[in-house]
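Numbering that gives the first Met the number 0 puts the first residue of the sequence shown at 0, with every later residue one more than the last.
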Amino acid sequence: MRLPLNLAILVCFAVSIAAAPVLAVVTLDGSIAGDDYSLESVQTVESGLNNTTDNELNAAWAKIEGNVLYLTLTGNLASNFNKLNIFIDSVAGGENTLTNSTDFGGNNPSTDGWAGKHAGFTFDRGFEADYLLSLRNGFIAGPQFDVTFNSVGNATVIETSSDIFGGSLAGANPNVGASGLGIAFDNSNVAGVAAGDGPANQAAAIAVQTGLELAIPLAAIGSPGIGDCIKISAMINGTNHDYLSNQFLGSIDGEFPYGQINLGGDGEGTFTGTVGQINLNDNDYASGLQYFQVCIVPEPSSLALVGLAAAAFACIGLRRRK
Ligand SMILES: [Ca+2]
Ligand SMILES: [Ca+2]
Ligand SMILES: [Ca+2]
0 MRLPLNLAIL VCFAVSIAAA PVLAVVTLDG SIAGDDYSLE SVQTVESGLN
50 NTTDNELNAA WAKIEGNVLY LTLTGNLASN FNKLNIFIDS VAGGENTLTN
100 STDFGGNNPS TDGWAGKHAG FTFDRGFEAD YLLSLRNGFI AGPQFDVTFN
150 SVGNATVIET SSDIFGGSLA GANPNVGASG LGIAFDNSNV AGVAAGDGPA
200 NQAAAIAVQT GLELAIPLAA IGSPGIGDCI KISAMINGTN HDYLSNQFLG
250 SIDGEFPYGQ INLGGDGEGT FTGTVGQINL NDNDYASGLQ YFQVCIVPEP
300 SSLALVGLAA AAFACIGLRR RK
């Protein structure tokens with residue numbers, strides 16, 4: 000059966016439009032549900048600081064859309080101001096070995112003492128941190144969730160934002176600080192990786208949907224562009240930045256030969272007062288890469304427009320063959 004030409008053109012346009020990808024808009028709610036994220040990293044070790052809903056990083060999910068990096072780390076964070084520290088390597092330069100604050104001979108801002116506790120801390124080769132997002136929740140006058148956004152390798156303090164959910168440990172705030180960060184936290188997970196020092200149940204880790212969800216404008220992290228890859232190293236540290244758990248993303252891939260379940264200050268689970276002795280290149284306690292990367296590619300929206308334009312030309316071509 001041959002369709003009348005006008006009808007054929009109409010069908011051509013309709014099929015082209017139907018075939019165009021539909022963009023899922025991220026909902027900032029502390030959950031990956033319905034957001035069409037890509038899985039970037041999965042936890043491989045059970046949590047050393049897990050008591051049902053204390054501290055665990057199950058998986059990292061991300062996508063970049065509209066010049067915003069959307070990043071969700073599923074899991075839990077204890078409500079005792081333990082730190083979820085997310086180091087970002089998004090531009091050239093930065094620090095592979097972290098230095099102290101400028102007050103003590105280093106290059107970093109003195110915000111909440113993190114730099115002094117990290118002086119000497121070394122990332123895997125190839126990771127040179129430019130920014131640090133430090134997130135925590137707990138009770139002072141009441142429940143609150145705080146975030147500090149630091150530059151790394153220069154003394155600029157970007158911003159500290161307290162009680163971003165207005166008297167709550169969890170919630171969503173689409174516009175935190177002058178950088179316009181979107182932050183949402185849902186601490187309701189009770190599944191995922193178990194407590195212990197063995198291999199994690201990775202299927203259980205992938206199945207967790209809730210945790211910390213971030214919307215980071217690329218302009219806030221040095222404006223990386225198409226073709227650039229943003230490296231991210233996330234880890235849970237103690238309240239004073241001085242005792243590292245075993246929960247990293249990219250995760251620690253391997254055994255813990257010292258029989259400990261957390262890295263502590265020396266990689267062997269000992270409290271030393273700082274984490275400056277930690278070297279993530281040391282395969283005794285940090286095998287694998289403790290970072291993952293998200294690369295910036297042309298957006299589906301622009302590809303879809305190109306596709307639609309091509310389809311429109313094809314449809315018009317049909318008409319011209321009349
Ligand atoms: Ca979401
Ligand atoms: Ca860098
Ligand atoms: Ca490593």
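Where is the CB? At the ideal position from N, CA and C, for every residue including glycine.
At what residues does the beta strand (DSSP E) containing Q276 begin and finish? Bounds of any beta strand (DSSP E) do not take in Q276, whose DSSP letter is neither H nor E.
Helix, strand or coil at T101 according to DSSP, with G and I counted as helix: Note: T101 maps to helix in three-state DSSP.
Identify whether L217 lies in helix, strand or coil by the three-state DSSP scheme. Assigned with DSSP and collapsed to three states, L217 falls in helix.
Comparing alpha-carbon positions, which option in L213, F126, L76 and S40 lies nearest N236? That would be L76, whose Cα lies nearest to the Cα of N236.
Do you know offhand how far I295's Cα is from G105's? If I take the Cα positions, the gap works out to 32 angstroms.
Candidates N57, L68 and D53: which alpha carbon is nearest D34's? Among N57, L68 and D53, the Cα nearest to that of D34 belongs to L68.
F144 beta carbon less than 7 angstroms from that of F164: Annotated as proximal: F164 and F144, with beta-carbon spacing under 7 angstroms.
Between the segment 83 to 103 and the segment 168 to 176, can you find at least three pairs of beta-carbon atoms closer than 8 angstroms? No: the two stretches stay apart, fewer than three of their Cβ pairs being nearer than 8 angstroms.
Once the 5 residues before and after G287 are set aside, which same chain residues still bring their CB inside 8 angstroms of it? T43, G249, S250, I251, D252 and G253.
Under 8 angstroms by Cβ, that's how I've got I229 and I87 pegged, so tell me the actual separation to the nearest angstrom. Indeed they touch by this definition, with Cβ atoms about 7 angstroms apart.
Delimiting residues of the beta strand (DSSP E) encompassing Q292: Secondary structure note for Q292: its beta strand (DSSP E) is the uninterrupted segment F291 to C294.
Can you tell which of D28, G29, Y130 and G74 has its C-alpha closest to the C-alpha of P223? Looking at the Cα atoms, Y130 is the closest of the given residues.
So what's I31 in DSSP terms, helix, strand or just coil? The answer is coil: DSSP assigns I31 none of H, G, I, E or B.
Taking 7 angstroms as the threshold (C-beta atoms), are S232 and Q289 in contact? Judged by beta-carbon spacing, S232 lies within the 7 angstroms limit of Q289, meaning their Cβ atoms are closer than that value.
Cutoff 8 angstroms; reference E298; Cβ partners in own chain excluding five residues on either side: Result list for E298: I63, E64 and G65, in chain order.
I205 lies in the alpha helix (DSSP H); which residues open and close that run? According to the DSSP assignment, I205 belongs to the alpha helix (DSSP H) that extends over Q201 to A206.
When you compare only the Cα positions, how much space is there between I16 and V25? Bear in mind that a pLDDT of 47 at I16, under 50, signals an unreliable position, so the model cannot answer this.
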